[in-house]
Amino acid sequence: MPATRSRVKWLVRHGIIRGVLHYAAWRGEVIARLSADERARKNPYRIYAWCREQGPVWQGRLAKVAPHHASVSAILRSDAFKVGLDVEAVPRLMRGALMRSDGRIIGPIDPPSLLALNPPDHTRYRKLVAKVFTPRAIAALEPRVQAVADELLDDLETRAAAGETVDIAVEYAGLLPVTVIAEILGVPASARDDFLRWGHAAAPSLDIGLSYRDWVACEQGIYDFNEWMYAHIERLRRDPGEDLLSQLIAVEDDQGRLTDLELVATAGLLMAAGFETTVNLLGSGTKVLLENPDQLAVLREDPTLWANAVDELLRYESPVQQTARLAAVDTEIAGVKIAKGTFVNVMIAAANRDGGVFEDPERFDVARPNARDHLAFSAGVHYCIGASLARTEGRIGLQTLFDRFPDLELAGEPVLRPTRTLRGYDHLPVVLTPRKLAA
Ligand code: HEM
Numbered sequence: 002m003p004a005t006r007s008r009v010k011w012l013v014r015h016g017i018i019r020g021v022l023h024y025a026a027w028r029g030e031v032i033a034r035l036s037a038d039e040r041a042r043k044n045p046y047r048i049y050a051w052c053r054e055q056g057p058v059w060q061g062r063l064a065k066v067a068p069h070h071a072s073v074s075a076i077l078r079s080d081a082f083k084v085g086l087d088v089e090a091v092p093r094l095m096r097g098a099l100m101r102s103d104g105r106i107i108g109p110i111d112p113p114s115l116l117a118l119n120p121p122d123h124t125r126y127r128k129l130v131a132k133v134f135t136p137r138a139i140a141a142l143e144p145r146v147q148a149v150a151d152e153l154l155d156d157l158e159t160r161a162a163a164g165e166t167v168d169i170a171v172e173y174a175g176l177l178p179v180t181v182i183a184e185i186l187g188v189p190a191s192a193r194d195d196f197l198r199w200g201h202a203a204a205p206s207l208d209i210g211l212s213y214r215d216w217v218a219c220e221q222g223i224y225d226f227n228e229w230m231y232a233h234i235e236r237l238r239r240d241p242g243e244d245l246l247s248q249l250i251a252v253e254d255d256q257g258r259l260t261d262l263e264l265v266a267t268a269g270l271l272m273a274a275g276f277e278t279t280v281n282l283l284g285s286g287t288k289v290l291l292e293n294p295d296q297l298a299v300l301r302e303d304p305t306l307w308a309n310a311v312d313e314l315l316r317y318e319s320p321v322q323q324t325a326r327l328a329a330v331d332t333e334i335a336g337v338k339i340a341k342g343t344f345v346n347v348m349i350a351a352a353n354r355d356g357g358v359f360e361d362p363e364r365f366d367v368a369r370p371n372a373r374d375h376l377a378f379s380a381g382v383h384y385c386i387g388a389s390l391a392r393t394e395g396r397i398g399l400q401t402l403f404d405r406f407p408d409l410e411l412a413g414e415p416v417l418r419p420t421r422t423l424r425g426y427d428h429l430p431v432v433l434t435p436r437k438l439a440a
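Add 1 to a position in the sequence shown, counting from 1, and you land on the number used in this note's numbering.
Right under this line is the structure:
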């Protein structure tokens with residue numbers, strides 16, 4: 002794309018809002034601080050607590066804010082709200098800049114990605130994807146998840162025996178979900194590194210106010226992924242495999258099969274949603290468990306609690322911290338009037354520490370009886386389609402790691418990811434010191 006056009010697109014999509022956010026953060030506006038202030042990124046939980054004190058729905062300077070469990074849940078389930086931009090409300094001159102140039106290259110939250118569609122289109126795609134992503138198909142993946150976890154940890158065993166420091170975020174948490182999602186999409190293991198690179202490059206596309214440099218890197222990742230995926234779909238059409246993408250290519254309803262664009266959109270979302278989130282569950286999960294040895298001891302005493310521990314981790318350090326909705330009509334939530342066209346910042350991570358629902362919410366408790374009431378997988382029509390796969394990967398991934406390396410220790414400063422919507426760690430140095438050496 003010529004440099005001037007690329008600058009204009011960035012300006013409309015991110016540059017203007019970036020300027021507004023930085024100015025508002027400088028003026029102390031809390032929601033802007035979450036996006037533009039480094040200290041708030043490191044520890045957003047004090048800000049979330051303040052947001053909850055302001056009420057279930059309130060007017061921030063930039064958008065309405067919903068930080069309570071009840072208001073977040075109500076908005077996500079309400080058909081008075083929709084996803085995506087109201088393109089008609091954007092000045093005509095700026096509309097072109099919001100679209101990608103040729104309509105062929107699309108990002109994880111561009112239509113026809115499920116996350117950017119509303120009923121009835123959403124209903125149709127979701128039904129087609131659900132035909133393939135069945136509970137039985139996901140359950141059948143469980144032995145593969147275990148095998149991948151074992152293989153990755155086998156590779157680390159020699160390094161552990163030598164007492165070397167291992168970056169568990171990169172060398173384990175980052176590889177387990179991408180390997181699983183690559184198998185789901187029928188992607189050969191040889192392309193896994195490219196997949197990781199594209200996924201990491203595209204992850205910031207969920208944030209607002211990106212710098213020009215980050216945006217260019219993100220667009221390149223999306224472009225490279227799309228081009229590769231078109232060719233891959235062509236290959237699978239000629240020579241289908243056992244994978245779920247081959248099945249998705251073949252499913253049809255009374256309107257026919259999914260087009261190439263729809264398939265690339267779905268594959269892109271599955272890739273982005275499938276590992277850019279679970280990597281954070283595994284990385285943050287490892288760190289939180291190391292910081293809470295009493296809770297690890299509870300899990301050693303009663304390993305049946307691992308499934309609940311994963312839900313508690315999703316509540317306590319939600320990999321997706323927030324989402325957004327647009328009021329499609331005039332409506333009301335928790336007694337607060339919300340006019341048609343209003344943007345609402347839906348604070349999933351704040352809702353997950355709401356003391357009205359979770360007793361002593363700042364405490365990490367693997368035996369918490371209602372841990373599963375979190376909203377980390379959203380709610381309503383966009384409820385995460387991969388929730389049970391993510392839970393399986395979290396449980397097997399973390400339990401296997403701590404079973405094989407019970408003396409695992411942090412060996413350096415963890416490095417948070419720069420993204421805001423997605424929360425997790427880029428680097429988590431540890432020494433694994435396996436059981437046989439520790440004995
Ligand atoms: C810990 C891991 C995960 C978390 C925290 C997570 C979270 C979420 C959230 C919050 C949404 C909805 C966003 C909104 O309502 O605006 C979502 C949607 C989605 N997720 Fe996940 N996800 C995870 C793992 C996965 C996996 C493993 C897959 C697939 C393999 C997946 C596929 C999807 C898809 C396709 C959607 C769109 C559903 C729709 O719009 O109908 N996710 N996820």
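Glycine included, every Cβ here is placed at the ideal spot set by N, Cα and C.
With a cutoff of 7 Å on beta-carbon distance, Ala64 and Asn346 are scored as near each other. Annotation for Tyr426: no alpha helix (DSSP H) segment contains it, though the beta strand (DSSP E) segment containing it runs 426–428. Comparing alpha carbon positions, the residue from Phe403, Gly275, Arg301 closest to Leu433 is Phe403. Inter-segment contact for the stretch 18–25 and the stretch 64–75 is absent: fewer than three beta-carbon pairs are separated by less than 8 Å. Excluding five sequence positions before and after Ile185, the CB atoms of its chain that fall closer than 8 Å to its own CB belong to Leu142, Asp244, Leu245, Leu246, Leu271, Gly275, given in chain order. Per the Cβ contact rule, the stretch 249–263 is in contact with the stretch 104–113 (3 or more Cβ pairs under 8 Å). Per DSSP, Leu115 lies in no beta strand (DSSP E) and is assigned neither H nor E.
Taking the Cβ of Ala377 as the reference point, at least one heavy atom of the ligand HEM falls within a distance shorter than 6 Å. In the three-state reduction of the DSSP assignment, Arg127 falls in the helix class, which pools H, G and I. Residue side-chain check: Leu115 places its Cβ nearer than 6 Å to a non-hydrogen atom of the ligand HEM. In the structure shown, Ile334 adopts extended strand secondary structure according to DSSP, grouped into three states. Contact between Val84 and Thr267 does not hold, since their C-beta atoms are separated by about 16 Å, which reaches or exceeds 8 Å. Per the DSSP secondary-structure output, Leu417 pairs in a beta bridge with Tyr426. Taken from the Cβ of Arg127, at least one heavy atom of the ligand HEM lies inside 6 Å. From the listed residues Leu35, Arg40, Val299, the smallest Cα separation to Cys52 is found for Leu35. Counting of Cβ neighbours within 10 angstroms places Thr401 among the buried residues, the total reaching 16 or more.
Contact annotation: Leu157 and Val167 have beta-carbon atoms nearer than 7 Å.
Counting only the Cα atoms, Leu282 lies some 15 Å from Val367. In this structure, Tyr224 keeps its C-beta atom at 7 Å or more from the C-beta atom of Trp11. In this structure, Asn119 is the residue among Glu172, Asn119, Val188, Leu297 with its C-alpha nearest to the C-alpha of Ser79. Counting C-beta atoms within 10 angstroms of its own C-beta, Pro320 has 16 or more neighbours from the protein chains shown and is therefore classed as buried. Note that the stretch 305–320 touches the stretch 368–385; at least 3 beta-carbon pairs, one per stretch, sit closer than 8 Å. Within a 10 Å sphere around the beta-carbon of Asn227 sit 16 or more other beta-carbons, which makes this residue buried. Beta-bridge annotation (DSSP): Ile107 is not paired with any residue. A distance of 7 Å or more separates the beta carbons of Val9 and Ala335. The C-beta distance from Leu211 to Pro205 rounds to 6 Å, short enough to fall under 8 Å. Our two residues, Tyr231 and Ala218, have alpha carbons roughly 20 Å apart in a direct line. Taking 7 Å as the cut-off, the Cβ atoms of Arg369 and Glu313 count as close. In the three-state DSSP reduction, Leu63 falls in the coil class, being neither helix nor strand. For Ala274, the Cβ falls inside the 6 Å cut-off from some heavy atom of the ligand HEM. For Leu327, the enclosing beta strand (DSSP E) stretches over residues 324–328.
When Gly16, Glu54, Asp427 are compared, the shortest CA-CA separation from Trp216 is found for Gly16. The criterion of a C-beta distance shorter than 7 Å is satisfied by Thr287 and Ile169.
The beta carbon of Asp303 is closer than 6 Å to none in its chain, skipping five residues each way along the sequence. If you ignore the 5 residues before and after Ala251, its C-beta comes within less than 8 Å of the C-beta of Pro241, Arg258, all in its own chain and listed in chain order.
The continuous alpha helix (DSSP H) containing Asp155 extends over residues 143–162.
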